[in-house]
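To start, the structure under review is shown below, and the notes come after it.
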Amino acid sequence: MTAGERRLAQRLQEKLGEDYRLWYNVPVGSQRLYPDFILLHPHRGILVLEVKDWKLSTLQQANPETVSLLTPNGIKEEKNPLEQARGYALAICQMLERDPLLVQSAGKFQGKLAFPYSYGLVFTHITRKQFNSQEGLREVFEPSFVICQDEFSENVAPEELQQRLENLSAYKFGEPLTSVQIDRIRWHLFPEVRIGVQLSLFPDEPQDTKLEVVIPDLLHVLDLHQEQIARSLGEGHRVIHGVAGSGKTLILVYRCLDLAQKLNKPILVLCFNVALAAKLRQVLHEKGIGELVTVRHFHRWCSELLWQYQIPKPSSHQFQGAAYVEELVQRVMRSVDANKIPAGTYGALLIDEGHDFRPEWLKLAVQMVDPETNSLLLLYDDAQSIYEAKGKQKVSFKHLGIQAQGRTTVLKVNYRNTLEILSVAYEFAQEMLTPTQGQDEDTPLLVRPQSAGRRGPQPELIELPTFTAEVNYLVKRVQQFSEQGNAWNQMAIVCRFKWMAERIGKSFEAAQIPIEWINQNYDSREFNPAASSIKILTMHSSKGLEFPIVLIPGLGFMPTQNISPLEEARVLYVAMTRAIDQLVMTANQRSSFVNRVAAALRKVS
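When the sequence shown is numbered by my numbering, its final residue is 682 and no position is left out of the sequence of numbers.
Right under this line is the structure:
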């Protein structure tokens, strides 16, 4: 911001009510217009402001098209800022009039916006008296569309400034904008805040404004808090601690879009889950930045580093299973310490599922950020930590090289699940969600999720005599969902064990139900989220994903022997919160978990 823009922004923040929304220098629409300020108010509609720090002594000549300014480098010509503001306002108006829910449906002004729009010019170094003394200025810049330096000073009363802004509009409407209309306006103005199911961002609008834009009946956008966080991340290290379904990964995608425009250095996204990495790659590819951002699950990234720098990988004969993975990571760490693998090679690093990274993994990853850019974003939710939870170290971010103190944001609202699903999941696992003690001040505590209030069917618990009966029930139930108009890829079967998934998969194939098995092995093949098939996956593989309909079989086999019930509760909590709209659970025997789920259902029904 210029000094004058900063001063105006401060006054607007101080003197406007909380029902105002204000954006500074944010690109608008697919045309990427850049007004200085956009204000949005339920009663006063949209206001576009252009701001100039000009002084009378620098103004040489002005006409309806251009302004000549005296600068240290000679005479400079600029566009008429009031005409520029008018052009921005008309472009926004044209954009919004394509939406039938934002225009008047009948009468003399049918098809015109159902709320006011206006524009204005702010002179930050010219008083009203000075402006009025210059006849040439009054001829070029209509006085009623101008706000002068002394009209937004520190001494101006809030109601006076608000009235000054309101006067910029020549007309008024009686009905205020609803919250739905405000979200629709944001959907049109800022394509980057659009979201859909399963972490997808809607495609950008066609560049040709004459082409018809298909506008969904139900629009989803980042909420204002999420948008503010995404836009204001800035430079340095940032940590976002959010509950399941709070939009952490959506903010990560937004951040990638922003960084891809600013950086000419490689951008790396790391996560733990194979399936989530595949999903993120698909989303970024659809947004046109798949070549600019590398997305890997942590262990594949380690494997590729060893191959890239010609460092031998562990022998599969000498190391097997978890020991192989452990040795893989250790070789990368030793190679970085010995400068065989260079540090600081990425312009930006973004880590999803940070709660599943061991401290030494985070420390390794942080070393790979270029010190010049120092751009790091860590997404974290301890309630979803389900890997290596036993004996997990409590280490401060500072100790790992993450400069998070004063840079941590908490997202408490769950947008993914209906109130019914979230309530049952929380009641089942509330002991797990109790804040832990003894953590360092820069390490986030567990957060109780808050529901966004979306309603849906009550989760179901179906008790059957055998697991075979459970499988047969799932076959019939998914066929019913399909007959009701649900696409196959909107459904997922989330199992605790692979043997369950294999049994279910064979039965589904016999019933000619299309399936896709998602495996969590670190070298697993990628899956296609858009393919017309039911996804069958383990609870561990489900992390970071979401589906409108989730079915969880075999609940009676939990908790598993030799594993802490607390850790098992975390796993089931993650599985339950994958469901966006509908959750169906089955069991063939009573267990402590079945009893707890049944009690949770009774309590929230």
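We put the beta carbon where it would ideally sit given N, CA and C, even for glycine.
Would residue i be called buried (16 or more neighbouring beta carbons within 10 Å of its own) or exposed?
i    : result
E586 : exposed
Y248 : exposed
K364 : buried
E289 : Only weak support exists for where E289 lies, its pLDDT of 48 falling under 50; the coordinates are left without a value.
N598 : Interpretation of N598 is limited by its pLDDT of 46, a score under 50 that renders its predicted location unreliable; the figure taken from the coordinates is listed afterwards. Its Cβ having fewer than 16 others within 10 Å, N598 is exposed.
L329 : buried
Y111 : exposed
E368 : exposed
E91  : exposed
V223 : buried
E497 : buried
M686 : Shown here, the chain extends from 78 to 682; a query on residue 686 therefore has no answer.
K325 : buried
E82  : buried
H376 : buried
P448 : exposed
Y457 : buried
P636 : buried
Determine the DSSP secondary structure at residue i, reduced to helix, strand or coil.
i    : result
R667 : coil
L90  : Reading off the sequence, residue 90 comes out as Gln, not Leu. The answer is helix: DSSP assigns Q90 an H, G or I state.
Y46  : The structure shown does not extend to residue 46, since the chain is modelled only from 78 through 682, so no value can be given for it.
L678 : helix
V406 : helix
M568 : strand
V199 : strand
A425 : strand
E289 : With a pLDDT of 48 at E289, under the threshold of 50, the predicted position of this residue should be treated as unreliable, though the coordinate-derived value follows. Coil.
Y331 : helix
S412 : helix
S452 : strand
D658 : strand
T545 : helix
S297 : In the sequence as presented, Ser is not what sits at residue 297; that position holds His. Three-state result, H297: strand.
I418 : coil
Y165 : helix
R673 : helix
S473 : coil
E537 : strand
P521 : Caution is warranted here: a pLDDT of 43 is assigned to P521, below 50, making its placement in the model unreliable, and no coordinate value can be reported.
Q561 : coil
Q507 : coil
Nearest to residue i by alpha carbon, out of the options?
i    : options                : result
Q646 : E623, N672, T143, V627 : In the sequence as presented, Gln is not what sits at residue 646; that position holds Ala. Of the candidates E623, N672, T143, V627, the one whose C-alpha sits nearest the C-alpha of A646 is N672.
A139 : G324, A420, V217       : V217
F574 : N549, A607, A588, Q638 : Q638
L117 : A80, P193, L329        : P193
S372 : Q407, E381, A355       : Note on residue identity: the sequence assigns Val, not Ser, to residue 372. Nearest C-alpha to V372: A355.
R358 : P158, D429, S412, P419 : D429
A352 : I626, Q589, I613       : I613
L242 : P220, R121, L254       : R121
Q535 : S256, A677, Y97        : A677
A168 : I115, V199, R308       : I115
R332 : F349, F250, H314       : H314
W100 : S610, P591, E304, L453 : E304
I592 : M577, R580, W565       : W565
F624 : Q187, R493, H432, S528 : R493
Q137 : G213, V103, H202       : G213
R175 : W264, R88, E644        : W264
F558 : G621, D658, E644, G483 : D658
T485 : N491, Q507, Q387, L455 : L455
Y401 : N341, K390, R411       : K390
S609 : S195, N102, K620, I590 : I590
R215 : I611, P141, G188       : P141
Counting only beta-carbon atoms, is residue i nearer than 7 Å to chain C?
i    : result
R121 : In the structure shown, chain C does not exist; there is a single protein chain.
Practice item. Return the chain-ordered ranges of every beta strand (DSSP E) run that is complete within the region 336-360 and spans a minimum of 3 residues. Key: The qualifying runs are 344-348.
Practice item. Scan the region 80-153 and note each continuous beta strand (DSSP E) run of 3 residues or more that stays entirely inside, going in chain order. Key: As far as the region 80-153 is concerned, its whole beta strand (DSSP E) runs of at least 3 residues are 98-101, 114-118, 122-129, 136-139, 143-148.
Point to revise | Segment contact flag, the region 641-660 with the region 490-502, C-beta cutoff 8 Å, min 3 pairs | key: Verdict: yes, contact present.
Exercise for review: Would you check if there are 3 or more beta carbon pairs closer than 8 Å linking the region 416-425 to the region 392-403?
Suggested key: No, because fewer than three Cβ pairs between the region 416-425 and the region 392-403 fall closer than 8 Å, the two stretches do not touch.
**Study point:** Three CB pairs or more closer than 8 Å across the region 657-676 and the region 536-549
**Key:** The region 657-676 and the region 536-549 touch, with no fewer than 3 CB-CB distances between them shorter than 8 Å.
Exercise for review: Tell me the start and end of each unbroken beta strand (DSSP E) in the region 568-654 that is at least 3 residues and wholly inside, in chain order.
Suggested key: Segments of the beta strand (DSSP E) lying fully in the region 568-654: 568-572, 592-595, 611-615, 624-629.
Exercise for review: May I ask you to verify whether the region 264-272 touches the region 125-137, counting CB pairs closer than 8 Å and requiring at least 3?
Suggested key: No: the two stretches stay apart, fewer than three of their Cβ pairs being nearer than 8 Å.
Check your understanding: When the Cβ atoms of the region 171-184 are set against those of the region 143-163, are three or more pairs found closer than 8 Å?
Key -> Two segments are said to touch when three or more pairs of C-beta atoms, one from each, lie closer than 8 Å; by this definition the region 171-184 does not touch the region 143-163.
Practice item. Determine, using beta-carbon pairs with one atom in the region 472-486 and one in the region 433-451, whether at least three such pairs fall under 8 Å. Key: Result yes; three or more Cβ-Cβ pairs closer than 8 Å.
Point to revise | Segment contact flag, the region 620-628 with the region 563-580, C-beta cutoff 8 Å, min 3 pairs | key: Touching, yes.
Point to revise | Meets three-Cβ-pair contact criterion under 8 Å: the region 157-164 and the region 93-103 | key: Not touching, per the Cβ criterion.
**Study point:** Runs of beta strand (DSSP E) lying entirely within the region 188-267, each at least 3 residues, in chain order
**Key:** For the region 188-267, whole beta strand (DSSP E) runs of length 3 or above, ordered along the chain, are 194-200.
Review point. With a cut-off of 8 Å, do at least 3 Cβ pairs link the region 201-211 to the region 297-308?
Key: Here the region 201-211 makes no contact with the region 297-308; the two share fewer than three CB pairs at distances below 8 Å.
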